[in-house]
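Enquirer: Got a structure here, written out as structure tokens. Questions coming.
Residue numbers (the UniProt record's numbering): 1 to 102.
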């Protein structure tokens with residue numbers, strides 16, 4: 001395999017979802033080249049956010065996720081977090097705790 005084939009991101013037989021429901025099953029994306037802009041498009045509820053969260057290690061997934069030829073799914077979370085970041089469009093609500101003195 002040449003360096004060009006290893007450069008970038010690819011998914012092979014990738015599955016992701018939730019404990020009782022798979023949202024993405026057996027997805028294969030042969031090659032997303034390094035240094036290029038790639039758009040992920042689809043209707044609401046089609047699994048775009050689930051895919052992004054799973055790739056970042058924030059949800060259960062299986063298969064292969066290769067970045068520069070290295071399978072990120074076999075790496076510890078801390079190692080994957082050095083290479084893949086997920087920034088959601090909106091952040092979850094924060095928990096605010098207040099204390100009153102008597």
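Note that the Cβ used here is the ideal one computed from N, Cα and C, for glycine as well. All values derive from a computational prediction rather than experimental measurement.
1. I'd like to know whether the C-beta atoms of residue 51 and residue 73 end up nearer to each other than 9 Å.
2. Within 10 angstroms of the Cβ of residue 14, are there 16 or more other Cβ atoms? Answer buried if so, exposed if not.
3. Distance, Cα to Cα, residue 16 vs residue 59?
4. Helix, strand or coil: how does DSSP classify residue 36 here?
5. Would residue 87 and residue 11 qualify as a contact pair, given that the criterion is a beta-carbon distance under 9 Å?
6. Check whether the Cβ atoms of residue 36 and residue 8 lie closer than 9 Å to each other.
7. Let's see if you can read the secondary structure: which residues bound the alpha helix (DSSP H) around residue 51?
8. Whole angstroms are fine: how far does the CA of residue 61 sit from the CA of residue 54?
Expert: The short version:
1. Between residue 51 and residue 73, the gap from beta carbon to beta carbon reaches 9 Å or more.
2. Buried: at least 16 other Cβ atoms inside 10 Å.
3. In a straight line, the C-alpha of residue 16 is about 7 Å away from that of residue 59.
4. Of the three classes helix, strand and coil, the one that applies to residue 36 here is coil, per DSSP.
5. One thing to note: residue 87 has its Cβ no nearer than 9 Å to the Cβ of residue 11.
6. Result yes, Cβ atoms of residue 36 and residue 8 sit closer than 9 Å.
7. It spans 48 to 55 - the alpha helix (DSSP H) in which residue 51 sits, taken as one unbroken run.
8. In this structure, the straight-line span from the alpha carbon of residue 54 to that of residue 61 is close to 6 Å.
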